[in-house]
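2 protein chains.
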Amino acid sequence: MDKLERNGLDAPMIFRAALVDGMGASVCIRHLKAGETLYVEGESADYCYEIVSGVMKEYNTLEDGKRQVAEFYKAGDMFGFSESDDQLHTAEAITGCTVRCYPREAFMKTVAASPALSASFLETLMTRLHRARERMVMIGRMSAMQRVATFLLRLADNTDGEDDAHLAQFHLAMSRQDIADHLGLTIETVCRTLTELKKRQIIVMESARVFTIADLASLEAVAMGARSRLH
Amino acid sequence: MDKLERNGLDAPMIFRAALVDGMGASVCIRHLKAGETLYVEGESADYCYEIVSGVMKEYNTLEDGKRQVAEFYKAGDMFGFSESDDQLHTAEAITGCTVRCYPREAFMKTVAASPALSASFLETLMTRLHRARERMVMIGRMSAMQRVATFLLRLADNTDGEDDAHLAQFHLAMSRQDIADHLGLTIETVCRTLTELKKRQIIVMESARVFTIADLASLEAVAMGARSRLH
DNA sequence: CGCCGCCTTGACTCCCTTCAATGCGAGTGG
DNA sequence: CCACTCGCATTGAAGGGAGTCAAGGCGGCG
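Chains A and B supply the protein sequences, listed in that same order. Under the working numbering, the first residue of the first sequence carries the number 1, and numbering increases by one thereafter. Under the working numbering, the first residue of the second sequence carries the number 1001, and numbering increases by one thereafter.
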């Protein structure tokens, strides 16, 4: 699966070249400040997007104000497709972001017209679907500790460039609230869980947003269910 | 969204015609008894499937035996696509089933070669993705009562043919365990929740698998969060 | 310095799980 | 026909894990 994520849209060199080729001047660039929304649930879905730099989150809000963060996106990720004519989620910049915007109609036509693009796009969607289902398992069937451990491991996998991922330092772009909303937990539970992992010396926290995985094996064991409780 | 589900693969007349056209004799039919598996997580993914009759479930199993049912499929639904060469889920017949099998390679080629098929297939995948995310919200952010109510409403929507859905009788193909594994709950909680809905006269249960929605408005209110607790 | 947003920690509550027993309908064989 | 069994569904009691409410702590910035 890791390999697959490096194909498709998530390693978008070839894909983007073909797209820009097919769509030319209609592609434009937008800059967003942290906290700014790119689109809001319900509004007309006129563009598909690709992140050039920065980190964004895509989420839904319930009537009672609870949020569920569907996915975090980083440089190279494409998103904003919808089978509906309206956006079904809200996309918001976590850090300052630069985003490439593809007019949706043209984007879809360009993709449909090219078998190679189609195949690539299909693969991306299937990967997203698979990830969404993994998250369903995580939220539906794992303890808070397992969820947080899995989240950290996933983060380590996705942080490219480091050779020894388990010794690398990570910087969390997202807040505790974002993590909580992503994992189906409360902010307090996320905090307590991180504190417990710190106590067990499985992670080291240089600051609230910077940490290191000190004991990868233990973190994996916790993610699988070993000693996965807070007290 | 209802309308969209009636296009794409979920109303597969045109789609299937084009597919069979392109793939001809390589399509075959399988019959499954209740409880039989069509494919198992990890095995080679050689086919995509379309249900002719019956109900199936697609699920994942965790190390500790917990299951998460990703989706239920009924006549007309297509499934079994995977971006990997292996199956990522297990598919099992709930009732006796008849299934049409499309060789995966040929299926993907046929789809990629036709812009119309591509567009239709993309739409299906996006719909699935959207549903998966809705379920994430449900599992991550709703009470047991809300989840069950939402599940029943969704079931009512999908039961086609009835004019007055809120007065129609439903037959549940799946067991309480299946429902629990779908909603991220235990079988006991599902039972208690149904009992409570029965007590409140929101639903009527003719038998364990047959019931009627007696008070659609209240069920919707419960799904939205009103009086969504067991005691 | 003091405000403000984010993070952390504590105490208590409660919804859901866990464990355990019972009910119930269908199929089977004596 | 009835006794028996087996899987599924239901109900009860008890406990725990995460939520809720509330009070600081910490760092950045005007």
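Virtual Cβ for every residue (Gly too), placed ideally from N, Cα, C. Everything numeric in this text was worked out from a predicted model, so none of it was measured.
Can you find the residues in the same chain that come closer than 6 Å, C-beta to C-beta, to residue i, ignoring five residues on each side of it along the sequence?
i	result
I998/B	Residue numbering for chain B in the displayed model covers 1001 to 1231; residue 998/B lies beyond these limits and cannot be assessed.
F1072/B	K1057
D46/A	R104
S1218/B	I1202
Using a Cβ-Cβ cut-off of 7 Å (strictly less than) and excluding sequence neighbours within five positions of residue i, which residues of its own chain qualify?
i	result
Q215/A	The sequence as given places Asp at residue 215/A; Gln does not occur at that position. Taken in chain order, the residues that qualify are Q201 and I202.
T1193/B	A1144, M1145, V1148 and L1230
R1209/B	H1171 and L1172
S1228/B	S1143, M1145, Q1146 and V1222
V1111/B	L1117, S1118 and F1121
A34/A	A93, I94, T95 and G96
Identify the continuous alpha helix (DSSP H) that holds residue i and give its terminal residues.
i	result
R1147/B	A1144 to N1158
H182/A	R176 to L183
L216/A	L216 to M224
V1137/B	P1115 to R1141
R1192/B	I1187 to K1199
Go through its chain and collect everything with a Cβ distance to residue i's Cβ below 8 Å, but skip five positions before and after it.
i	result
C1191/B	R1176
T247/A	Chain A is shown only over 1 to 231; residue 247/A falls outside these bounds and no answer can be derived.
T186/A	A180
N60/A	E41, R67, Q68, A70, L88, H89 and T90
I1029/B	V1052, T1098, V1099, R1100 and C1101
N158/A	K74
Give me the Cβ distance between residue i and residue j, rounded to the nearest whole Å; I'm assuming they're in contact under 8 Å.
i	j	result
E83/A	H1130/B	7 Å
G96/A	L32/A	7 Å
F107/A	M23/A	7 Å
T1090/B	V1040/B	5 Å
D1064/B	G225/A	6 Å
V137/A	L1197/B	No, V137/A and L1197/B are not in contact; Cβ-Cβ is about 27 Å, not under 8 Å.
C48/A	G80/A	5 Å
A132/A	R1133/B	6 Å
Q1169/B	T1127/B	Not quite, the Cβ-Cβ distance comes to about 27 Å (not below 8 Å), so this is no contact.
What residue does the beta strand (DSSP E) around residue i start on, and which one ends it?
i	result
I1094/B	Taken as a continuous stretch (DSSP letters only), I1094/B belongs to no beta strand (DSSP E), as it is neither H nor E.
F1211/B	V1210 to I1213
V52/A	Y47 to S53
L1058/B	Note that residue 1058/B corresponds to Glu in the displayed sequence, not to Leu. Taken as a continuous stretch (DSSP letters only), the beta strand (DSSP E) holding E1058/B covers M1056 to T1061.
A1070/B	R1067 to Y1073
L38/A	T37 to Y39
I203/A	I203 to S207
R1030/B	C1028 to L1032
F1081/B	Neither: F1081/B is in no beta strand (DSSP E) and is coded neither H nor E.
H1171/B	Q1169 to H1171
Report task. Residues of the region 1165-1193 of chain B with a CB closer than 7 Å to any CB of chain A: list them in chain order, please. Result -> From the region 1165-1193 of chain B, only G1184 have a Cβ closer than 7 Å to chain A.
Query raised in the report: Touching or not, the region 116-128 of chain A and the region 205-224 of chain A, by the rule of three or more beta carbon pairs under 8 Å?
Result: Not touching, per the Cβ criterion.
Report task. Report the residues of the region 1058-1083 of chain B with a CB closer than 7 Å to any CB of chain A, ordered along the chain. Result -> Along the region 1058-1083 of chain B, the positions whose C-beta sits under 7 Å from a C-beta of chain A are N1060, L1062, E1063, D1064, K1066, Q1068, A1070, F1081, S1082 and E1083, read in chain order.
Requested in this report: Determine which residues of the region 1126-1156 of chain B have a Cβ less than 7 Å from any Cβ of chain A, and write them out in chain order.
Outcome: The residues in question are M1126, T1127, R1128, L1129, H1130, A1132, R1133, R1135, M1136, V1137, I1139, G1140 and R1141.
Report task. Anything in the region 201-228 of chain A with a Cβ closer than 9 Å to a Cβ of chain B? List those residues in chain order, please. Result -> Under the 9 Å Cβ criterion, the region 201-228 of chain A contributes M224 and G225.
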